[in-house]
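Note sheet for the following structure.
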């Protein structure tokens, strides 16, 4: 696919996700780590404007100087920015202004891309596309967080069935002890954090081809999993107690039955479906209860060619750290990944909310271990 | 004015306040004590539904059972309700649904009022009207709080000039020592907290006919008022330090000049205008710096016939406490006032955001002493 | 009694309270609002040094310049001071150094008092004595708070029986409607907050001669008093929920029985004993459950000549506010009372922990409404 | 050395550390993660009682059943325990009781060890000795934290010179790319977290033989290191801002000069001395400013045979995670290490506060990345 096509598809896909929304849905931010749809729409456009158009399109005139302030995220290099927790107060510019902004950026990007862009522009555009794909996923999961806190459980899309897929495989993948190459190799697009192919020595191990299901997790819950400190990491146990966590996110007990909030509304838990919306702490505790463990990100990368993946982000027991030789790029682009390499755990794979083709076996996602709002699940190893 | 006319005018006035809003503006809640416009629109309607229609209109069918849960406020008597801090997450029902709700309530209320309503219905309707007037004021001040936190300082209405009025009087009102009657007397509408005329003995004192202006308050600031503990109540000094308070709310220094955010946008401070958006702590510190004091609510009530008032809510040095013989009414209506009689200070008068005719000399408003978001000002006494 | 005698008795009484302590007991501070015994011993001495000796004893040499910093309290006028919450970290100076400090202050105060002191010195010495008496009470109640948080419930003094006294009277005192004189009149020692006799008009009312007992309060608890919002002020209900309050302070349920921690150790609740260690919120809720109310501080002052008092501090429904004509004194002495006149409720009477002769009918004590650590109780009015 | 000798030496060493203390110093706890000396003295004794004496000494009678509750730490397996933050309120048992407890434990342990102890008893005794050595270090660093918060900067021991040692080496150690054996091998004592020798593939790198000095760190500070986000991990930057961190712990600027609090009192910073009391965030930012990095724990383990270490705990860029095959032991002993394997970074080496012979090249210490209160320093790699 040409980069122009890819650019257009991605931009349209983001707006497609917003098709079922009313204006009201674009506005709220209910926790610091999640952002309003409006912000995602604008921020992904700002990225193209700031990183590409202002530098590479001759005579480009900024759409609105205030947008850089409002829709910058954590890019300290690019001047002052709105406190992350205040994104929900920004009623102006309105949703329609943000769509005009997107249109304006699209037109100028196309002008640039249609006019023999340099390799650097192509590289940055590809980065911008991948950046926007990441925000598509966040847009959906952040939106679910807002809607899921509404006690009337609003439907985003009746046919949106992101949590009910089942395993199609069983058994284990075996890894032999030995040296393996880890990390991305080659010229295709990849993020800096997966770059630098290097050798890692692995001990023999087995990874389950199937992921943990709701039924299996319910068995853990019914066996008192949330009441027994011995399965939990110490920080996890404190998190549990302080936040009264008793189930994965979005699970609600009504009488004797469990339901979950989905983007199609409240539904009875599907026992065969693959578990999602668990934190690393829960994943780790479940594995401990099973007398098994989570794989490392390296084991996962090697084994993943022998099982299907892509429905859930899979927590690994690897901390998010730099690969050998990792260097933070100069300037704002360098803020993309490196500065988050502390206190976060790596997830591998992709989820039902991930854009098609966005992930790959070397892809490294990462979140703080207490977060549940992604479609995150559990694959066991031993 | 007939009660029907009054009802219609009040309902229309609320919607009139929302005329300049875009849908986005109806949604955010940025602090616990302020609510989204959408919530005010719905809540004031719910009040008529819950307190009147469900009880007194034969065959009345609730508009939507879920609204009671979402748009109840602090009325614990009427079942479970949404946590106060979560009002900003309620994107559904949409704004248009809330307007349909208002319409539905209006039609049924008019049906009831047009059909020889009982005295009890008339009394409760008058209460509902006054309740809605209170929410008109909150709607405007809560909205200002949201807009005022947007770094692009959006304009609500170019012609909305609520902070720039000046004093029209000077000099002092004298009160002679003696016994005075305080509280509302007679059959007209009034709240339970002002009811029960009773005698209060006052010492001789003087109240300023003019309120403190921005220029006077600037003199306090320039004299180091915010840096000098001796002017401040102890709790006020801690509030100052913990929240880095250095000026009234909405004031911003740019270079050597002070500006304030108004509903017509950011403007240079008008020195002659009456000060607003100060907390009780600031009012008290200013008075102390002036070697004067705030009046009590009783002094204010007696003196107020001799000065003009109604532009700013005026902090008094009276704590909000029951009058002799005060009894909390049975049921939900009883939750209106009595349970807030702790940790709050009384304000007297009315402000530029108050509905015409809503207040009177015996009217008691009350807020926690650190709050600045009302059009609150200072009248000195000695 | 001569002032010298009074001074000596007071200083000795403070040390007498510490007689049962081990060195360890002098050190901890477990909440911001309570201080270690060592700090009380030193602070009361510092008061004499700072307010009297440094100004009036010719050639006086400060004991140790660092003590002013460490043992100042809220006297901002007298230079920088230790953060209130850090008092528990001060292991040096040691307890024995603090006793040496006391001895040094005593000797110099006696030198001053024996040498024809001026009226000003006498006045300030009397203030210092009363100040130290207040700290005697705090020393005991702060100590109880520390010991009471030790799960082995240590005994301070086997014979210390401060919570088990019963009512000796029943029936009600009647107050007739009319004008009354309130506040301290005359030349004897009194605090500035009770000064300025003035007229207050009271409506007719009745105050119970007996205070609420543990048995009566248990009836409230067993009737679901802590689970029923309608008895509670709104701020009180939030306080309850956030802090999981289910009983007065120091009460512990073991099986089906209630015990309380006393300075003589853990004991079964004595049903006939007068209730103590309730917050204003609890006092107010109990009164509401009884369909009665708390008296105002003015009613209490008038009625108190007709009942016995002095076992419990009695919460009134009066906010702590200045009397007419109240002026804050110049300098550090002026910080004594005035700056606390916000967010606190008045208690009248005295408690079993109060020094003999310290209180009087016009005496005004005051605390924030959520605090339970004083020997505070309930007298009902109607 | 026989185990009896080792046991006796260790027990005496702990008490030796307390020799300069007054009783007051044994009591305070000023942050959750630090404990009072008294608690360390008792807890290390409780470990022997709970893990050994109660199980292996026939007829052993517990010293005092309440001590298990008070002086347990995080051993959830052994019943309820005191909240970690409440250790500073425990004035009883007194210091002398804790010494009696130590004496009692010593006598019974010696009786057990003198009577042909089983291998299991010897193993657990060795664990208890190493556990107590760890608490010796904590006792000293926790004590420094308390004393260091006293504005009069008390001296623990005039001759205690733990922060002033300099580097004795310069230049770099080279590591060749290749496979290396990591982890403890053999029968000697070691902790479970370093057990399981396994292969790790390392890329070529260099580790500095010298550690970062105060002078080098001052250059970072003077170059605006604490004001420039680009050197900092994102979580580190937030930590900095929220806590107003502007220097290593215990550093105080007076005029134009920097001083640090040491256990010998306040001293001018010694520029040649090795830096200590930095958090991982500071170590990482400093390395970034130097355009270098921290080593991994594996690089450190291999390189450490070629440089001297043992003056500072050295932050590595490795997260604290299990080695291949790590299993948590059954029961309370299993709570020692495994449950902390999240959100912490590994430190290697030892510090001036570590007991002689306690550490070794495979030893893994670990703390949360914001903590500064250990003698932690920086060794750079590239």
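Residue numbers (my numbering), protein chains in the order written: chain A, 3 to 384; chain B, 3 to 384; chain C, 3 to 384; chain D, 3 to 384.
Backbone N, C-alpha and C define an ideal beta-carbon position, used for all residues, glycine too.
These numbers were taken from a predicted model, which means no experiment stands behind them.
Assuming residue i is part of the beta strand (DSSP E), what are its boundary residues?
{"i": "residue 270 (chain D)", "result": "267 to 270"}
{"i": "residue 368 (chain D)", "result": "367 to 369"}
{"i": "residue 347 (chain C)", "result": "347 to 351"}
{"i": "residue 320 (chain B)", "result": "315 to 321"}
{"i": "residue 255 (chain B)", "result": "253 to 256"}
In chain order, what residues of the same chain lie with their CB nearer than 8 Å to the CB of residue i, ignoring the 5 residues before and after it?
{"i": "residue 111 (chain C)", "result": "9, 50, 54, 55, 127"}
{"i": "residue 123 (chain D)", "result": "54, 58, 114, 115"}
Is DSSP giving residue i helix, strand or coil here?
{"i": "residue 32 (chain A)", "result": "coil"}
{"i": "residue 87 (chain A)", "result": "helix"}
{"i": "residue 100 (chain C)", "result": "helix"}
{"i": "residue 6 (chain B)", "result": "helix"}
{"i": "residue 56 (chain B)", "result": "helix"}
{"i": "residue 275 (chain A)", "result": "strand"}
{"i": "residue 332 (chain A)", "result": "coil"}
{"i": "residue 2 (chain D)", "result": "Because chain D in this structure spans residues 3 to 384, residue 2 (chain D) falls outside the shown range and cannot be described."}
{"i": "residue 264 (chain D)", "result": "strand"}
{"i": "residue 338 (chain A)", "result": "coil"}
{"i": "residue 2 (chain D)", "result": "No information on residue 2 (chain D) is available, as it lies outside the stretch 3 to 384 that chain D covers here."}
List the DSSP bridge partners of residue i.
{"i": "residue 210 (chain C)", "result": "C:174"}
{"i": "residue 383 (chain A)", "result": "A:209, A:295"}
{"i": "residue 201 (chain D)", "result": "D:183"}
{"i": "residue 168 (chain B)", "result": "B:275"}
{"i": "residue 161 (chain B)", "result": "Looking at the DSSP assignment, residue 161 (chain B) forms no beta bridge with any residue, so it has no partner."}
{"i": "residue 378 (chain C)", "result": "C:315"}
Spatial neighbours of residue i within its chain, please: C-beta separation below 7 Å, excluding the five flanking residues on both sides.
{"i": "residue 144 (chain C)", "result": "36, 37"}
{"i": "residue 73 (chain A)", "result": "41, 44, 45, 48"}
{"i": "residue 5 (chain B)", "result": "115, 124, 127, 128"}
{"i": "residue 235 (chain A)", "result": "283, 286"}
Excluding the 5 residues flanking residue i on each side, which residues of the same chain have their C-beta closer than 6 Å to its C-beta?
{"i": "residue 119 (chain D)", "result": "none"}
{"i": "residue 2 (chain A)", "result": "Because chain A spans 3 through 384 in this model, residue 2 (chain A) falls outside it and cannot be assessed."}
{"i": "residue 106 (chain D)", "result": "65"}
{"i": "residue 361 (chain D)", "result": "352"}
If we call anything under 7 Å between Cβ atoms a contact, is residue i one with residue j?
{"i": "residue 265 (chain B)", "j": "residue 158 (chain B)", "result": "yes"}
{"i": "residue 194 (chain B)", "j": "residue 367 (chain B)", "result": "no"}
{"i": "residue 375 (chain A)", "j": "residue 147 (chain A)", "result": "yes"}
{"i": "residue 321 (chain C)", "j": "residue 207 (chain C)", "result": "no"}
{"i": "residue 212 (chain D)", "j": "residue 172 (chain D)", "result": "yes"}
{"i": "residue 184 (chain B)", "j": "residue 202 (chain B)", "result": "yes"}
In the DSSP assignment, the alpha helix (DSSP H) including residue i goes from what residue to what residue?
{"i": "residue 224 (chain C)", "result": "216 to 224"}
{"i": "residue 41 (chain B)", "result": "39 to 50"}
{"i": "residue 123 (chain C)", "result": "121 to 150"}
{"i": "residue 242 (chain B)", "result": "236 to 245"}
{"i": "residue 70 (chain D)", "result": "67 to 73"}
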